[in-house]
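Those letters in the sequence shown? Residues -22 to -1, 1 to 1131, by mature numbering (1 follows the signal peptide of the UniProt record, and there is no 0).
Following: one structure in structure tokens, then a few remarks.
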Amino acid sequence: MALILRIVILIGLITFSSTGPAAPQPNQAVNSLQLLAHSQAMLSDLTLSSEQWRWLRKHNHLTIASWSPNVPPYFMNAGRYDYVGITADYLGLLASNLNIKLEIQQYADKKAAFEALKSGEADLIAWASDEAYEAGFLLSKPYTNNAPAEVVNFNAWPLPEEGVRLAIDAAYPNPEVFMQRWPQAQLIPFISARHALEALAFNQIDIFIGDATATQYLINESNLSDLNIRRLRNNQSKGFSFAARSDNEQLIAIINQVLAAIPANINEDIMRRWNGGFMPILSDRHLYFTSLEQKWIEDNPEIRVSVLRDSAPLSIYDSKKKLHGVTTDILKAIGLRTGLKFVIQPKDNLDEIITAVKSGHSDMVASLNLDSASHANLLTTRTWLFNSWVMVGRNPSLSLPSTHRAMLLKGNAVNLSAEPELQKMRLVHADTLTEGLEAVVKGKADVMILPLINANFYISRLYADKLRIIKSLEIEPARFTMAVSANNYPLATILDKALLNIAPEDLQLTVRKWHSNANMPHDRQNEIKSPPSQALIGLAIVAAGMILTLLILLLRHRQRRQPAQQHLLDAIPIPLFITDLNGRLTNANRSFADALNIDINEHRGQNVQTLMAESGLYDGNNVKEGIAFWQTLLQTNALGYGYVGGWQDTRESLQTLKQLQQAKYAAEKASRVKTTFLASISHELRTPLSAIIGILELLLRRKQLNPGDRDSLHIAYDTAESLLMLVGDIIDVARIETERLVLRPERASIRPLIESVVTMMDGLARQKSLLFTCEIDADISGDVLVDPVRFKQILINILGNAVKFTAQGRVIFQALLEKEEASALNLVLTIQDSGPGIDAETQARLFKPFEQGDNQQSQQGSGLGLYICRTLITMMAGDLTLDSQPGMGTEVTIRLRLPRMTPQPMPAVAATAQATPATARRILVVDDHAASRHVLIQQLHYLGHEAIGAADGQQALSLLSAQLPDVVITDCNMPVMDGFALTHAIRREHPDLIIWGATANKQQSVREACLNAGMNDCLFKPLTLQTLEKALNALPVNEVPSCNIAWKFPPGLNTPHKRRHFLQLQLEMFDEALNDIHEGQQHNRDLKTVLHKLRGGLLLLGADELIEACQQLEKQPDPECLKQFEQQIVHLSRHIQLIYAGTTDLSSLPTAG
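Structure below.
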């Protein structure tokens, strides 16, 4: 009975065991450590000021605070008192180049170390990140990256859909950032990354996220070869730096200068020294994937790799059919750099490899001679190994007759025409290297031609007394590359960039280490070197006999207990067996008998492995894939031992998981396609919508509209603006789903931001006769670091919803401070309404895209606002909660912690001058969208300016060469020549010309691109009349140009007020006439009526020259004359506009009479 209980407990431990966190060690006293730096170099580029050197002489003894436990490879205790690691090497460079002494003090934990730094007990901490900066410490420039990496176990792929066990390195204080990728994961704590990685290797967790450098070091150091590491690219951390107190700016400035003076090769040497072994270090110098390549990687995460079985040391298979060798190490390095997972497909010869790649059954070959790849019409990467071709022959001691035959591996393309010795021999191809070498040993061939790396390996291990290298061939060396099919160009470029990212010395180290027996799999060494020792076999047989004797002696005792034991064994649902030490069946449960379809009593004493093989559970010498087999040593009683084992068939589960993974991937791909489409179509919609809004605004400004038409235009205008807001929301959702939505925090005064939104919402509430109450804490003031656009977007959306969905009653807005803090503003915004309320079921889905409430009013929205708001608040490290009940109203609470900015001195307030209208200007409008260009020109005409249009940048340059305008307004994205290129071209000839960009893409990055290109400003579409007028009014006022067209005021206009009113009417008449002339030319209408009406206005002005031209055109319209007349009218209109703007004394102008 005790035996069965032990078995049950053992099965439970094997099946359900998990590793929890170890208990932390109690605090220890501060220990002094000795700095042991491996990097010693004098920095020739280091230049410090005399003041900095004086400071160093005064502070030539610095204390460095470290802590326990260590964080390898950044800092570790080598032995008892030595302090080593990446930080130690950089500290060594500081000490030797600054001529200072560094004392290392190790504290009980990280908190104690930072407390020592804060109190002045220590001067510096050598390993700090953003967490220290947020705590108020000064940070140096980073000396190494803090790039997170995701690690999974190859043998546990694919991951389960639910119940994922996730561990995150304690070095990351905000694990929720990474939990977004696996929101349903169970977070398992560990006291160190080492323990977490070991748990991952033992399948006790599913994913580990930690620093890439530390993770790579621990994996290589512990030889956890089943783990796959992939760098996470969406990282916001700056890296690891030195930290000092906020009042120690001089020390940080000196450290920054030292770090800047360290050459790149020394930085790489340090990282290579602490990479934990053979894995080539990760370098960012050349690894830049294009958007096409990145998309290809996302769509093709698994790559099938054909590898030659018999090509040691490039590829070596152990007895468990696991690949080792140079190829494996390089594939791991590429996987680390790209995130690709390589599935190995072993092949017997090169012909099979080339056929598999060309037919599409494999994606690539990892190791192939360049000439062979070219001969097979495959795409190749850069060469990662150059190796000489050698001739291998028999030792002189093997006296065999010559056969005049030379062996060459089939599929290897080698030009042997330059070797006279081989001209007399017949070339024979071998399928494998071993086959060819055996042919030479047995006298079936005289020599074999193969690369030196293969020859050295096989001769030293298999044919040391039989074969030798005769000579090196004087031909081009073998150039080993990776190859893909001719239609798989993206993969070739990705592999090529990854290989370029591996330093040459790392490749050489990888190749060199596989010449050593010490680095080969132990079972493979035994397989190719020598048979097992006969003495060991004899000892094993004797031991087995002794154990068998003991088992026989205890047989009667066991038989008496057999019924109870058998009952317990049969209750276990999985197949279970017990054997002796020789693997012979002694007992098993009913599940075992059913699975193998045997009778236990009839097969007792037979070999279990043989029984399983006969039942189809073995494939060759290994358990079939999908069969989870286990076996462990068990003490059957006080004297005897045996084995207990069993298995579980997971093939159906794995197939289901695979199908689920494929379905998930297909759904994600469809979602990406949908998001891309929405983003693209939304951007395309913005431009025509902007044109519609512009046209409607112009129509609303006309005075001749009847009330019914004006109401209809207002409805169309409001609807167009609502559509534009919806387009903006869709674009925001697309950015969120593609992780491209970014915040752009800047200094902003928080109170005006809040008050501007409240003022807007107060007006909307009054229109609905709602009681709007606002309470803003008096202490909410000063400048904070916030994205003002996104902050207002959140407030407008939440407050707007409260007003929109409340039919009657009240809306209350409160802005309060949660707690006083010198460095941050802890803001609590509460919005209450007396609306219909929301039930719990609806609340659960409200914060998902395109989800709405069930009430009738919810149909007014798109279901995007709350989703965008919650995302923005989360990105601001804030929190949004919603409390609502049907019929009781809704309360939304937003909590934000906004960093306070140091107050700036108030600038002197200059005397304010009264704003004057913009002077009439000549403006060039450049836009490839005809409707947008036309609307903008009409808007500028309405504002009293002269505007001409161009369809692209090239046409704009032609117009510029004819006549220089005052302002250029250009669209940013156009064919032929875009706005940025146009700006560069204009700036070369006209550096002072005012250039404004115009774009529908309302991102701060676009505005920055415009300013960087040389534009004076960037205007966002739709361009309203108010926006244009405000921008043009801000420009310096032009002097009134002289006018060569004589005109006078009509008699009776003796006061400036009457004259100004007269000029206003004339300007309106000119604007209407020019518009009618333009439309008449486009639609071939009769212009006589327009010209007759215009002549009446010109008679009032006494412009005789224009009156005569107008009469001539009425009689005989001529296109060229009409164009010249139109330009004269524009010139006169511009002149009058400047006078009307107030730049000239109206009483000084002449009067007709």
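Think of the CB as a built atom: it goes at the ideal place given N, C-alpha and C, for glycine as much as any other residue.
Contact check for N152 against G217 fails: the beta carbons are separated by 9 Å or more. The continuous beta strand (DSSP E) containing C996 extends over residues D995 to F998. In this structure the segment 785 to 797 lies against the segment 807 to 814, because at least three pairs of beta carbons, one per stretch, are closer than 8 Å. When the beta-carbon positions are compared, N585 and R457 stay at least 9 Å from each other. P1000 is positioned such that its CB atom lies closer than 9 Å to that of S668. Ranking N979, V954 and V946 by CA distance to the CA of P969 puts V946 first. In the displayed model, K79 falls within a strand according to three-state DSSP.
Below 8 Å, too few C-beta pairs join the segment 774 to 786 and the segment 794 to 803 to call them touching: fewer than three. Measuring C-alpha to C-alpha distances from M54 to each of A192, I146, N393 and I166 identifies A192 as the nearest. If you draw a straight line from the Cα of R1073 to the Cα of T1033, it is about 25 Å long.
In this structure, the alpha-carbon of D307 lies about 23 Å from that of N466. Under a 10 Å Cβ-count criterion, F320 is classified as buried, with 16 or more other Cβ atoms of the shown protein chains found around its own Cβ. Taken in chain order, the unbroken stretches of alpha helix (DSSP H) that lie wholly in the segment 557 to 607 and span 4 residues or more are 568 to 574, 578 to 581 and 586 to 592. Leaving aside the five residues that flank N565 on each side, the residues in its chain whose CB is nearer than 6 Å to its CB run, in chain order, I556.
In summary, N355 is exposed, with fewer than 16 beta-carbon neighbours lying within 10 Å of its beta-carbon over all protein chains present. Here G957 is buried, its C-beta having at least 16 other C-beta atoms within 10 Å. By the Cβ neighbour-count rule, M866 is exposed, with fewer than 16 other Cβ atoms within 10 Å of its own. Under the rule that a run must span 3 or more residues, the beta strand (DSSP E) segments found entirely inside the segment 341 to 414 read 342 to 347, 363 to 365, 367 to 372, 383 to 387 and 404 to 408. For the 9 Å CB-CB criterion, Q323 and H302 do not form a contact.
In this structure, DSSP gives L478 a helical state, which the three-state scheme calls helix.
Bounds of any beta strand (DSSP E) do not take in T880, whose DSSP letter is neither H nor E.
According to DSSP, S27 shares a beta bridge with no other residue.
Taken through DSSP and simplified to helix, strand or coil, F92 comes out as helix. Within the same chain, and ignoring the five residues on either side of P136 in sequence, the residues whose Cβ sits closer than 7 Å to its Cβ are L635, K636 and Q639. Within the model, the alpha-carbon separation for R404 versus P455 is close to 22 Å. When only Cα atoms are considered, S569 and A90 end up about 57 Å apart.
In the DSSP annotation of this structure, the continuous segment of the alpha helix (DSSP H) that includes T306 starts and ends at V304 to T316. One alpha carbon belongs to Q1004, the other to L997, and they sit about 12 Å apart. Straight-line spacing of the CA atoms in L205 and I670 works out to 58 Å. When only Cα atoms are considered, I437 and V304 end up about 18 Å apart. When C-alpha distances from I872 are compared across R282, I427, A106 and I772, the shortest belongs to I772. In chain order, S284, K325 and V343 place their CB closer than 6 Å to the CB of I331, counting only its own chain and leaving out the 5 sequence neighbours on each side. Between the segment 10 to 24 and the segment 235 to 248, the count of C-beta pairs closer than 8 Å reaches three or more; the two stretches touch. Along the segment 416 to 494, the beta strand (DSSP E) occurs as fully enclosed runs of 3 or more residues at 425 to 429, 445 to 450 and 456 to 462, listed in sequence order.
Residue pairing by DSSP places R209 opposite A127 in a beta bridge.
In the structure shown, the three-state DSSP call for K216 is coil.
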